[in-house]
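Undergrad: Before anything else, here's the structure in question.
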Amino acid sequence: MTKILVLGATGQIGAELVPELRKIHGRDNVIACYHSKQPSGALLDGPVERVDVLDIKSIEGAIKKYDVDEIYHLSAILSAAGERNPQLAWRTNMDGLYNVLELAREYKLRVFWPSSIAAFGPSTPRDNTPQVTVMDPRTIYGISKYAGELLARYYAEKFDVDVRGVRYPGIISSEAMPGGGTTDYAVEIFYYALEGKKYTCYLREDTMLPMMYMPDAIKAAIQLMNAERSKLTILVGYNVAAFSFTPGQIAEEIRKHLPNFEVEYKPDFRQKIADSWPRSLDDSLARMEWGWKPDWTFEAMVKDMLERLSRKLR
Ligand code: AKB
Numbered sequence: 001m002t003k004i005l006v007l008g009a010t011g012q013i014g015a016e017l018v019p020e021l022r023k024i025h026g027r028d029n030v031i032a033c034y035h036s037k038q039p040s041g042a043l044l045d046g047p048v049e050r051v052d053v054l055d056i057k058s059i060e061g062a063i064k065k066y067d068v069d070e071i072y073h074l075s076a077i078l079s080a081a082g083e084r085n086p087q088l089a090w091r092t093n094m095d096g097l098y099n100v101l102e103l104a105r106e107y108k109l110r111v112f113w114p115s116s117i118a119a120f121g122p123s124t125p126r127d128n129t130p131q132v133t134v135m136d137p138r139t140i141y142g143i144s145k146y147a148g149e150l151l152a153r154y155y156a157e158k159f160d161v162d163v164r165g166v167r168y169p170g171i172i173s174s175e176a177m178p179g180g181g182t183t184d185y186a187v188e189i190f191y192y193a194l195e196g197k198k199y200t201c202y203l204r205e206d207t208m209l210p211m212m213y214m215p216d217a218i219k220a221a222i223q224l225m226n227a228e229r230s231k232l233t234i235l236v237g238y239n240v241a242a243f244s245f246t247p248g249q250i251a252e253e254i255r256k257h258l259p260n261f262e263v264e265y266k267p268d269f270r271q272k273i274a275d276s277w278p279r280s281l282d283d284s285l286a287r288m289e290w291g292w293k294p295d296w297t298f299e300a301m302v303k304d305m306l307e308r309l310s311r312k313l314r
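Per UniProt numbering, residue 1 is the first one in the sequence shown, and the count goes up by one each step.
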């Protein structure tokens with residue numbers, strides 16, 4: 001029986017990862033940890049705990065209380081929000097990870113910790129971005145993700161901590177809203193379309209970014225955690241890809257279902273961030289080492305999002 005702590009459970013990924021992990025490991029074995037955002041919905045169908053990732057004693061308290069074996073550490077301040085408060089983003093993202101890794105070392109815990117395409121930067125090749133390439137992040141979030149990859153790998157090599165992770169692209173989901181990311185438009189746009197409102201997109205119409213539907217993001221985390229450790233050469237920061245699209249292309253795809261949907265484009269500070277990220281990713285290492293393969297296509301994701309959200313908004 002594996003006891004799992006999910007830090008950042010009320011965030012976009014956590015809200016869907018917790019129910020999935022509970023299906024696998026049992027309701028009472030997956031503890032949904034939150035900080036500022038209160039848990040609701042399915043998260044309340046099992047244990048919940050308030051944990052501050054900046055307070056090592058607070059995390060340690062939960063580890064001892066539930067006799068934890070694994071941590072999924074998802075708490076982070078994303079790219080756009082990080083630019084509004086870089087000091088808080090650095091502390092949350094770096095000190096939070098450091099605390100988790102220190103406790104993993106001490107209590108011999110396994111850890112999943114995601115990095116992001118934000119770890120790349122303007123001098124990284126933007127198409128089919130290789131696994132190993134120029135790392136040149138320019139946002140505080142991206143800098144914390146790249147530094148985090150190095151720190152996590154250091155803990156793996158120096159202290160034999162079993163820490164693993166992927167570099168997520170933008171994640172699209174129908175359950176929790178993303179918050180403070182540059183790729184958030186790809187979720188917001190669906191709500192406007194379904195409410196019959198015109199959407200003003202903060203990125204240019206032709207801004208291509210790699211994205212992924214939530215079921216694949218969850219599958220990547222669980223599959224990587226189940227992989228045989230001896231087969232993993234890099235442990236953290238695996239590129240994982242599903243599809244890439246532009247705001248213009250997603251608007252067009254939505255219009256196949258809702259023909260009157262209108263979008264206008266008013267790029268803001270997030271354009272510069274998006275322009276520094278890859279357009280597509282080479283995820284062949286993840287495919288080779290732990291069998292990664294996405295299930296969802298762009299077209300199927302758009303159809304499913306519209307169906308799910310229209311039921312939710314009814
Ligand atoms: C963001 O936009 O900041 C995140 C990410 C790509 O990591 N969704």
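Every residue gets a Cβ at the ideal spot worked out from N, C-alpha and C, and that includes glycine. For clarity, every value in this text was computed on a predicted model and none was experimentally measured.
#1: Indicate the three-state DSSP secondary structure (helix, strand or coil) for Phe298 in the structure shown.
#2: Would you decide whether Lys158 is buried or exposed? Buried here means 16 or more other CB atoms lie within 10 Å of its CB.
#3: Compute the Euclidean distance between the alpha carbons of Asp28 and Glu106, then round it to the nearest angstrom.
#4: Restricting to Cα atoms, I'd like to know which of Gly180, Gly165, Lys3, Ile77 is closest to Ile222.
#5: By Cβ distance below 8 Å, which residues in the same chain neighbour Gly96 in space, the five residues on each side in sequence not counted?
#6: Counting pairs of beta carbons, one from the region 206-220 and one from the region 296-314, are three or more of them closer than 8 Å?
#7: Note down, in chain order, each residue of its chain lying with its Cβ closer than 6 Å to the Cβ of Val68, except the 5 sequence neighbours on either side.
#8: For Ala104 versus Val48, is the C-beta spacing smaller than 9 Å?
#9: Is Ser40 buried or exposed, if buried means 16 or more other CB atoms sit within 10 Å of its CB?
#10: Going by C-alpha distance, which of Ala80, Phe243, Lys219 is nearest Pro210?
#11: If I'm right that Ile189 touches Ile254 with Cβ under 8 Å, what's the distance once you round it to whole angstroms?
#12: Residues in the same chain with beta-carbon distance under 6 Å from Arg22, minus the five sequence neighbours each way, listed in chain order, please.
#13: Which residue from Ile250, Gly148, Ala147, Arg167 puts its Cα closest to that of Trp292?
#14: In whole angstroms, what is the alpha-carbon distance linking Ser230 and Ala241?
#15: Could you check what DSSP says for Ile56 in three-state terms: helix, strand or coil?
#16: Quick one: measure Cβ to Cβ for Cys33 and Ala9, integer angstroms, because I've assumed they're closer than 8 Å.
#17: Compute the minimum distance between the beta carbon of Ser174 and the heavy atoms of the ligand AKB, and state whether it is under 8 Å.
#18: Among Val134, Ser173, Ala193, which residue has its Cα nearest to the Cα of Ile13?
#19: Is Asp184 near the ligand AKB, going by C-beta to nearest heavy atom under 8 Å?
#20: Between the region 264-278 and the region 115-130, are three or more C-beta pairs nearer than 8 Å?
#21: Just mark Ile71 as buried or exposed, buried being the case when its beta carbon has 16 or more other beta carbons within 10 Å.
TA: In brief:
#1: helix
#2: exposed
#3: 24 Å
#4: Gly165
#5: Leu7, Val53, Leu54, His73, Ser75, Ala76
#6: yes
#7: Lys3, Leu5
#8: no
#9: exposed
#10: Phe243
#11: 7 Å
#12: Val30, Gly46
#13: Arg167
#14: 23 Å
#15: helix
#16: 5 Å
#17: no
#18: Ser173
#19: yes
#20: yes
#21: buried
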